[in-house]
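Participant:
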Ligand SMILES: N[C@@H](CCC(=O)N[C@@H](CS)C(=O)NCC(=O)O)C(=O)O
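Residue numbers (the numbering used here): 4 to 266.
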């Protein structure tokens with residue numbers, strides 16, 4: 004049975020699925036269809052998603068297609084139980100789920116921060132993001148038996164958070180965001196570093212994220228075009244690897260298509 008995953012390049016939600024499949028040795032079980040976010044969604048995809056546009060969606064032969072990364076992960080974990088990535092023991096799974104329960108707030112916070120266009124708001128957004136890190140740190144300190152990972156290996160909560168840690172390279176680059184020194188961040192700092200180093204999670208690079216997400220830093224998400232531009236940084240061509248690094252200063256004069264190597 005070959006499942007088909009429709010996704011958008013460098014989408015963190017599909018990277019979750021890619022990491023899980025890789026941990027299970029199943030990367031070859033899925034046929035990947037990369038969708039151009041800068042173009043209207045084709046009709047066949049809208050049919051699979053029942054009219055919504057967010058991806059990934061996974062097409063399971065002979066069955067209803069499934070969207071929402073967290074739901075897809077659960078389905079794959081259930082369909083291919085060996086090796087287990089989520090804890091089998093219900094209490095242990097509850098422990099790792101305490102951290103997973105914060106994933107949406109963490110996702111929203113980082114994206115709001117990169118897309119913010121008002122310099123007067125940036126300190127408050129940074130503090131909000133740091134508060135989430137401190138809360139994650141507390142969960143790890145109080146509930147995680149592991150020294151670096153939540154448990155003794157890269158597992159369920161790591162699959163879910165690692166793609167976000169990688170997207171947040173855009174916060175490092177465009178916002179100068181770093182975890183400050185201090186014990187209130189030490190456990191989450193250790194966890195994050197171990198997540199970023201995981202061999203099964205190397206689907207994207209710092210350079211790729213920063214180049215593709217420049218438009219997000221200008222407030223234009225999901226393939227939308229910033230004012231005065233004619234090609235999105237999410238365009239397939241020219242390939243990101245052939246383009247220069249974008250300017251770090253998101254509040255300065257925005258770079259042109261030409262300066263971004265897009266035309
Ligand atoms: N909650 C969804 C979010 C998916 C999502 O926002 N995907 C983005 C790409 S990273 C997308 O499809 N954006 C285009 C759109 O919403 O039309 C999930 O976890 O799968």
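Here a beta-carbon is modelled for each residue, glycine too, at the ideal position from N, C-alpha and C.
Measure the alpha-carbon distance for residue 71 versus residue 77 and round it to whole angstroms.
Facilitator: Rounded to whole angstroms, residue 71 to residue 77 spans 10 Å at the Cα level.
Participant: Quickly, what does DSSP pair residue 132 with across the bridge? List them, please.
Facilitator: Its beta-bridge partners do not exist; DSSP assigns none.
Participant: For ligand 1, is there any heavy atom lying closer than 7 Å to the beta carbon of residue 272?
Facilitator: No answer is possible for residue 272: it lies beyond the span of the chain, which begins at 4 and ends at 266.
Participant: Please state whether DSSP places residue 62 in a helix, a strand or coil.
Facilitator: Of the three classes helix, strand and coil, the one that applies to residue 62 here is strand, per DSSP.
Participant: Put residue 164 into one of helix, strand or coil per three-state DSSP.
Facilitator: It is helical.
Participant: Among the candidates 10, 43 and 87, whose CA atom is the shortest distance from the CA of residue 35?
Facilitator: Among 10, 43 and 87, the Cα nearest to that of residue 35 belongs to 10.
Participant: Specify the secondary structure class of residue 70 as computed by DSSP and reduced to three states.
Facilitator: Looking at residue 70 - three-state DSSP - the assignment turns out to be strand.
Participant: Cβ of residue 119 less than 8 Å from any chain B Cβ?
Facilitator: Protein chains in the displayed structure number just one, and chain B is not present.
Participant: So what does DSSP say about residue 118, is it helix, strand or coil?
Facilitator: Note: residue 118 maps to helix in three-state DSSP.
Participant: Kindly indicate which three-state DSSP category residue 8 falls into: helix, strand or coil?
Facilitator: Residue 8 falls in the strand class under three-state DSSP.
Participant: Short check: CB of residue 27 to CB of residue 64, under 8 Å?
Facilitator: Contact flag unset, no.
Participant: Measure the CB-CB distance between residue 74 and residue 162 and report whether it falls below 8 Å.
Facilitator: No, Cβ-Cβ distance for residue 74 and residue 162 is not below 8 Å.
Participant: Using only the alpha-carbon positions, how far apart do residue 166 and residue 183 sit?
Facilitator: Residue 166 and residue 183: Cα-Cα distance of roughly 21 Å.
Participant: Cα separation between residue 134 and residue 248?
Facilitator: For residue 134 and residue 248, the distance between alpha carbons rounds to 30 Å.
Participant: Count Cβ pairs between the region 40–59 and the region 230–247 that sit closer than 8 Å; are there 3 or more?
Facilitator: As far as the Cβ criterion goes, the region 40–59 touches the region 230–247, which means the pair count is three or higher.
Participant: Near residue 6, what residues of its chain come up, given a Cβ to Cβ distance below 6 Å and the 5 sequence neighbours on each side ignored?
Facilitator: Excluding residues within five positions, the ones whose Cβ falls inside 6 Å are 33, 61 and 63.
Participant: Considering Cα atoms alone, identify which of 149, 215, 180 and 141 is closest to residue 129.
Facilitator: With distances taken between Cα atoms, residue 129 lies closest to 180.
Participant: When you measure from the CB of residue 45 to every non-hydrogen atom of ligand 1, does any distance come out below 7 Å?
Facilitator: Because no heavy atom of ligand 1 lies under 7 Å away, the Cβ of residue 45 does not count as near it: no.
Participant: Does the beta-carbon of residue 53 have 16 or more other beta-carbons within 10 angstroms, so that it is buried, or is it exposed?
Facilitator: Residue 53 comes out exposed.
Participant: Using the beta-carbon count (16 or more within 10 Å), is residue 238 buried or exposed?
Facilitator: Counting Cβ neighbours within 10 Å, residue 238 comes out buried, since at least 16 surround it.
Participant: Within the region 158–204, note down every full alpha helix (DSSP H) run reaching 4 residues or more, in order along the chain.
Facilitator: As far as the region 158–204 is concerned, its whole alpha helix (DSSP H) runs of at least 4 residues are 159–170, 172–178 and 186–200.
Participant: Nearest to residue 216 by alpha carbon, out of 241, 202, 173 and 200?
Facilitator: The shortest C-alpha separation from residue 216 is found at 173.
Participant: Compare the beta carbon distance of residue 143 and residue 194 with 8 Å and say whether it is the shorter of the two.
Facilitator: Yes; because the gap between Cβ atoms is below 8 Å, this pair is in contact.
Participant: Nearest CA to the CA of residue 111: which residue from 198, 168 and 13?
Facilitator: Of the candidates 198, 168 and 13, the one whose C-alpha sits nearest the C-alpha of residue 111 is 168.
Participant: Among the candidates 103, 226 and 108, whose CA atom is the shortest distance from the CA of residue 147?
Facilitator: If we check each option's Cα against that of residue 147, 103 comes out closest.
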